[in-house]
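Peer 1:
Numbering (the working numbering), first residue to last: 26 to 508.
So this is what it looks like as structure tokens:
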């Protein structure tokens, strides 16, 4: 394989070639480190790099392959972990000046599982400060830029992961999602991101192990590669009380399958719940037409999402205070105003406030449950806007509607969070300016497999994800066609 094949081939194909010893882990890791060296200065996606450590791990992986030992499903695949996920012995900053020198002693569960499956750690990917918001910028490392237009945002909070995938700096990624942090950067970077069902991917350590608002999950350049990564991340763990018992192996097979006759609902604006820019609506509308061509029964419809926003804002603020309240007490002057505001919002909540949020979410769950008795999947925009100016903290308005806080423009994702349903972002096309737009595929309660199958069918019919970003294409042309 040439460097382009190593860095832009699918993770599934790469893993198979590594197991057959057609290529070595050292070749794969070296190619990705060279790619990072060339491309990362433009996008700022990977913020901590452990090149020597990765090469040592690659050498060990090659020795293991020669010994004919049983190899993990991700054997030899390089990955940089989200800078919110503790990684033993590697600086993990959470994008915060308060934690700029934090070096964990243990791995987060998702890092632990990726390593156990044979993946090789390259370093850490950039995040917003303390992971708050869907625009990746922080005082420690600065902003991650969109590889399709360096003047635009890469989204967030898994923005570093999304940009690194798009540029060929890693074949798979781990991320997390509270209000869209796996889906939004996937949409902005023309890659695939899955918010799994709560409990599908266990979380440990976790200050609130009974909570279901925030989940961990996979990102990649194809739906099949997301499924491969999910097969490693998913499955029970005794340290996580809400972990689903279904083994990750459920997601290890091929996704090929006919979706003819599937009942597909779609909505351009979540049933009128959110404003959406016209250029995004146009791309999503065109994407939806593909499902008719695939033989699906398509109808414009959306469940009643009333109460979802109030419930999300209350539960998220409570979660932020729980996680970062002690940091605010000690380091208020070193924290961004939006971070301080959101933690203080959590401190103002009362018991009845949290009780009302639970009641609203319970009612929402049953309305959505009944909705999926009539439909197999629901199609929506991932984000209400295309990638915006990287210098802005967040879009000030959407389709002429003012956004009062940094959370408002993400509601097309955060409202779906409150349903508890799995949701996939898959490349859906581009605006006239060449900016990526993602399609959000939502499935019924614990319907992760259905979401992946539908997303794969759409991906195979359209191939939008194969369009490489401008920064990679331009750099390759400048270097005489090198990849």
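Yeah, the Cβ is synthetic: ideal placement off N, Cα and C, and Gly gets one too.
Note that this is a predicted model, so its numbers are computed, not measured.
CA-CA distance, residue 327 and residue 393?
Peer 2: Cα-Cα distance, rounded: 9 Å.
Peer 1: Give, in chain order, every unbroken run of the alpha helix (DSSP H) that is at least 4 residues long and sits entirely within the region 232-286.
Peer 2: Listed in chain order, the complete alpha helix (DSSP H) runs (minimum 4 residues) inside the region 232-286 are 248-258.
Peer 1: Is there at least one non-hydrogen atom of the ligand MN closer than 6 Å to the beta-carbon of residue 110?
Peer 2: The ligand MN is absent from the structure shown, which contains no ligands of any kind.
Peer 1: According to the Cβ coordinates, are residue 186 and residue 150 closer than 7 Å?
Peer 2: In this structure, residue 150 lies closer than 7 Å to residue 186 by Cβ.
Peer 1: From the DSSP secondary-structure annotation, give me the bridge partner or partners of residue 105.
Peer 2: Answer is 148.
Peer 1: So, at 7 Å on beta carbons, what are the nonlocal neighbours of residue 135 in its own chain, with the 5 sequence-adjacent residues on each side left out?
Peer 2: Around residue 135: 110, 199, 226, 241 and 258.
Peer 1: Specify the secondary structure class of residue 27 as computed by DSSP and reduced to three states.
Peer 2: Reduced to three states, the DSSP call for residue 27 is coil.
Peer 1: Per DSSP, what kind of secondary structure is residue 122 in: helix, strand or coil?
Peer 2: Residue state, collapsed to three classes: helix.
Peer 1: Excluding the 5 residues preceding and the 5 following residue 152 in the sequence, name in chain order all residues of the same chain whose CB lies nearer than 8 Å to its CB.
Peer 2: Closer than 8 Å at the Cβ level, and outside the excluded window around residue 152, lie 107, 108, 109, 119, 120, 161, 163, 181, 182, 183, 184 and 185.
Peer 1: Of the choices 148, 155, 228 and 130, whose alpha-carbon is the least far from that of residue 123?
Peer 2: Taking only the C-alpha atoms, the option nearest residue 123 is 155.
Peer 1: Would residue 437 pass as a contact of residue 299 if the rule is Cβ separation under 7 Å?
Peer 2: The answer is yes: Cβ separation under 7 Å.
Peer 1: Can we say the region 414-428 touches the region 349-356, given the rule of at least three CB pairs closer than 8 Å?
Peer 2: With the cut-off at 8 Å, the region 414-428 and the region 349-356 do not touch.
Peer 1: Roughly how many angstroms lie between the CA atoms of residue 77 and residue 288, to the nearest whole one?
Peer 2: So the alpha carbons of these two residues sit roughly 51 Å apart.
Peer 1: Looking only at its chain, what residues have a beta carbon closer than 8 Å to the beta carbon of residue 344, apart from the 5 residues adjacent to it on each side?
Peer 2: Answer for residue 344: 203, 233, 236, 238, 239 and 371, listed in chain order.
Peer 1: Which class does residue 195 belong to by DSSP, given the choice of helix, strand or coil?
Peer 2: In the structure shown, residue 195 sits in coil (DSSP, three-state: anything other than H, G, I, E or B).
Peer 1: Check whether the region 293-307 and the region 247-264 are in contact - that is, three or more C-beta pairs closer than 8 Å.
Peer 2: Not touching, per the Cβ criterion.
Peer 1: For residue 35, which option in 147, 197 and 140 has the closest C-alpha, if you only look at C-alpha atoms?
Peer 2: Selected option, being the one with the closest Cα: 197.
Peer 1: Give me the residue from 89, 144, 165 and 205 with the minimum Cα distance to residue 431.
Peer 2: Taking only the C-alpha atoms, the option nearest residue 431 is 205.
Peer 1: Taking 7 Å as the cut-off, decide whether the C-beta atoms of residue 462 and residue 468 are in contact.
Peer 2: Not a contact, by the Cβ cut-off of 7 Å.
Peer 1: How many Å lie between residue 508 and residue 229 at the Cα?
Peer 2: The predicted position of residue 508 is uncertain, since its pLDDT is 40 and thus under 50; a value taken from the coordinates is nonetheless stated next. Whole-angstrom Cα-Cα distance: 38 Å.
Peer 1: Can you name, in chain order, every residue of its own chain whose Cβ lies under 8 Å from the Cβ of residue 231, other than the five neighbours on each side?
Peer 2: Taken in chain order, the residues that qualify are 265.
Peer 1: Take residue 315 and list the residues in its own chain whose beta-carbon comes closer than 7 Å to its own, dropping the five residues that flank it on each side.
Peer 2: If we look at residue 315 and ignore the five residues flanking it on each side, its Cβ neighbours are 483, 486 and 487.
Peer 1: My parser needs the beta strand (DSSP E) runs of 3 or more residues fully inside the region 413-439; what are they?
Peer 2: Here no run is fully enclosed.
Peer 1: Closer than 7 Å by C-beta to residue 428: which residues in its own chain qualify, once you throw out the five before and the five after it? Chain order, please.
Peer 2: These residues qualify, in order along the chain: 419, 420, 421, 422 and 434.
Peer 1: With 16 other CB atoms within 10 Å as the buried threshold, where does residue 37 fall?
Peer 2: The residue in question, residue 37, is buried, as its Cβ has 16 or more Cβ neighbours within 10 Å.
Peer 1: Based on Cα-Cα distance, which residue from 146, 282 and 256 lies nearest to residue 272?
Peer 2: Residue 256 is the option with its Cα nearest to residue 272.
Peer 1: Flag this pair as touching only if the region 329-336 and the region 401-411 have three or more C-beta atom pairs under 8 Å; answer yes or no.
Peer 2: The region 329-336 is not in contact with the region 401-411.
Peer 1: Report the three-state DSSP secondary structure of residue 219 (helix, strand or coil).
Peer 2: Note: residue 219 maps to strand in three-state DSSP.
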